[in-house]
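Note sheet for the following structure.
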Amino acid sequence: MNFYLKYRPQKISELDLALVRAALGEILKAKSSPHAWLLTGPKGTGKTSSARIIAKSVNCLKPGKDSAEPCNRCDSCLSITKGTALDVLEIDAASNRGIDDIRELKDKINLSPSRLKYKVYIIDEVHMLTKEAFNALLKTLEEPPKHALFILATTEAEKLPATVVSRCLVIRFTKASPAELLRSLKRVAKGENLKVKDEKLADIAAAADGSFRDAVKLLEHPVKFKPLQLDDWLVLVYQRQTKPALVWLQQAWEEGAQPRQLILTAIERLRQVLLRRLGVDSGEDIAALSDITILKLLLGRLITAAGEIKTSSIETLPLELAVVEWSQSGEPSSAKAPAGNEGILSKWPRVLEAVKPVNHSLEALLRATEPAGFQDGFLMIKVFYQFHKDRLEEDRYRSLVEQIASKVLVAPIKIKFFLTAKPEIEELVSVQEADIIKTAEEVFGIGGD
1 MNFYLKYRPQ KISELDLALV RAALGEILKA KSSPHAWLLT GPKGTGKTSS
51 ARIIAKSVNC LKPGKDSAEP CNRCDSCLSI TKGTALDVLE IDAASNRGID
101 DIRELKDKIN LSPSRLKYKV YIIDEVHMLT KEAFNALLKT LEEPPKHALF
151 ILATTEAEKL PATVVSRCLV IRFTKASPAE LLRSLKRVAK GENLKVKDEK
201 LADIAAAADG SFRDAVKLLE HPVKFKPLQL DDWLVLVYQR QTKPALVWLQ
251 QAWEEGAQPR QLILTAIERL RQVLLRRLGV DSGEDIAALS DITILKLLLG
301 RLITAAGEIK TSSIETLPLE LAVVEWSQSG EPSSAKAPAG NEGILSKWPR
351 VLEAVKPVNH SLEALLRATE PAGFQDGFLM IKVFYQFHKD RLEEDRYRSL
401 VEQIASKVLV APIKIKFFLT AKPEIEELVS VQEADIIKTA EEVFGIGGD
């Protein structure tokens, strides 16, 4: 049995979310449990464990005199703990989501409990039910038999019909604080007689992102790669070495690395390197990650993958796909320009189109320029007026142009502006009167009438 299941809280006082612990204690102590509960919050925060504790508390044969704590020794408590209580039914709404499943529940709900005082229905991920199933459930919640208790659990309460929510007592779970995660980790470490320093537990708590389940998994299966090895992997990804980067990931999974922790650690490491490049931080460097534009693009791709992990049926897939897609998105900065000079000239209008909704005045300035091609790894841009060159070389403008050009051209782009002779034919650009007025207002800070 894994640590999380082995050390799952079995009574109210063992719940690590302080607010939930206090709320359940007060409500259950009143000895008048509502007929329907809704436990809502992020995954891994104790909703299912709390549901089972509620089931034990209302059915315990020897409850505490001044509290709602289940004794965990009577037949009722023991059967619920073991999962053998016939009167406590756990339903996974993701796989039992149709109206027929709820109708079957309705047909049986009027039958008296076989052994316990209450028949308890725990419906996990209740937001997965169909509309018809919700309607059927609503009718049951409106007129429940006295011996029935419903405990609904979900990570997405916003998807529930308001009519269902209004008939439930709502307990909101939040991401665990570092202190609450430490409390949980210390209990598990003590039970397993693990000698783990507080600093290590704090690192695990930080990586768990508020999830008790993830924290305990990390304690049980610590990630075996060292920071230096992670740096090596980041270099492989940065340089678009697909196969070695994927092989490294496969080895990491085999050694027990958790995808979410790995990607969050990688994002934080790239952030440190980027801040160092910008002169904000003096942390440990990764020399090979030298280009700020590439760093920003890679960081953005990993952030996207981190968000996709939450909804992926295969937890490792988003990061693996990110590596493949990043490798296919362009060549390393040391390579030649991906599209050649002709390709840049043909795509330059698309860059201008992408700039315009972001910064109108910048787009107007760029329309008075012309791409000249690549030289020493830089996209060289002709500028015909000193004033334009001065403006375009401001960090805020140059950075924005490089960022948008990199996206449009699907390759990391660094830009240099150079002043050249004004063309004899001045019809390089056709700027509408409204554009001129708007640009003047933005560049010079002039307000309209």
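Counting from 1, one number per residue, gives the positions in the sequence shown under full-length UniProt numbering.
Cβ coordinates follow ideal geometry from the N, Cα and C atoms, glycine included.
Could you tell me the distance, in whole angstroms, from the CA atom of residue i to the CA atom of residue j?
i, j, result
"residue 384", "residue 364", "14 Å"
"residue 346", "residue 374", "14 Å"
"residue 54", "residue 174", "18 Å"
"residue 196", "residue 246", "31 Å"
"residue 237", "residue 381", "30 Å"
"residue 415", "residue 319", "30 Å"
"residue 66", "residue 140", "33 Å"
"residue 327", "residue 389", "34 Å"
"residue 276", "residue 409", "27 Å"
"residue 241", "residue 199", "35 Å"
"residue 14", "residue 3", "15 Å"
"residue 446", "residue 417", "Reliability fails at residue 446, whose pLDDT of 49 lies under 50, so the model's placement of it is uncertain and the value that follows must be treated cautiously. Cα to Cα, the separation comes out at about 26 Å."
"residue 335", "residue 271", "Confidence at residue 335 is low in this model, with a pLDDT of 38, below 50, so its placement is unreliable and the value that follows should be read with caution. Taking the straight line from one Cα to the other gives about 25 Å."
"residue 370", "residue 379", "11 Å"
"residue 125", "residue 284", "43 Å"
"residue 312", "residue 248", "21 Å"
"residue 162", "residue 114", "33 Å"
"residue 295", "residue 351", "20 Å"
"residue 395", "residue 22", "52 Å"
"residue 49", "residue 20", "12 Å"
"residue 279", "residue 186", "39 Å"
"residue 34", "residue 168", "8 Å"
"residue 57", "residue 26", "12 Å"
"residue 63", "residue 116", "14 Å"
"residue 244", "residue 254", "15 Å"
"residue 95", "residue 138", "19 Å"
Identify every residue that forms a DSSP beta bridge with residue i.
i, result
"residue 121", "89 and 150"
"residue 379", "374 and 415"
"residue 37", "151 and 169"
"residue 265", "BP columns for residue 265 are empty, so no partner."
"residue 369", "383"
Write down the C-beta distance between residue i and residue j rounded to the nearest angstrom, noting that I regard them as a contact closer than 8 Å.
i, j, result
"residue 38", "residue 170", "5 Å"
"residue 212", "residue 16", "6 Å"
"residue 43", "residue 155", "5 Å"
"residue 99", "residue 130", "6 Å"
"residue 81", "residue 72", "7 Å"
"residue 122", "residue 78", "In fact, because the Cβ distance is near 18 Å, the residues do not count as touching under 8 Å."
Tell me whether residue i sits in a helix, a strand or coil according to DSSP, three-state version.
i, result
"residue 532", "There is simply no residue 532 to check, as the chain begins at 1 and stops at 449 in what is shown."
"residue 350", "helix"
"residue 43", "coil"
"residue 391", "helix"
"residue 77", "helix"
"residue 308", "helix"
"residue 105", "helix"
"residue 259", "helix"
"residue 403", "helix"
"residue 209", "coil"
"residue 49", "helix"
"residue 177", "coil"
"residue 135", "helix"
"residue 357", "coil"
"residue 65", "coil"
"residue 13", "helix"
"residue 433", "Confidence at residue 433 is low in this model, with a pLDDT of 48, below 50, so its placement is unreliable and the value that follows should be read with caution. In this structure, residue 433 counts as helix in the three-state DSSP scheme."
"residue 196", "coil"
Does the beta-carbon distance from residue i to residue j come in below 8 Å?
i, j, result
"residue 7", "residue 191", "yes"
"residue 259", "residue 304", "no"
"residue 51", "residue 101", "no"
"residue 205", "residue 265", "no"
"residue 157", "residue 165", "yes"
"residue 182", "residue 201", "yes"
"residue 288", "residue 235", "yes"
"residue 87", "residue 119", "yes"
"residue 70", "residue 106", "no"
"residue 452", "residue 231", "With the chain covering only 1 through 449, there is no way to say anything about residue 452."
"residue 218", "residue 250", "no"
"residue 41", "residue 9", "no"
"residue 136", "residue 172", "no"
"residue 413", "residue 293", "yes"
Under a CB-based cut-off of 8 Å, is residue i close to chain D?
i, result
"residue 18", "Protein chain content of the structure displayed is limited to a single chain, and chain D is not contained in it."
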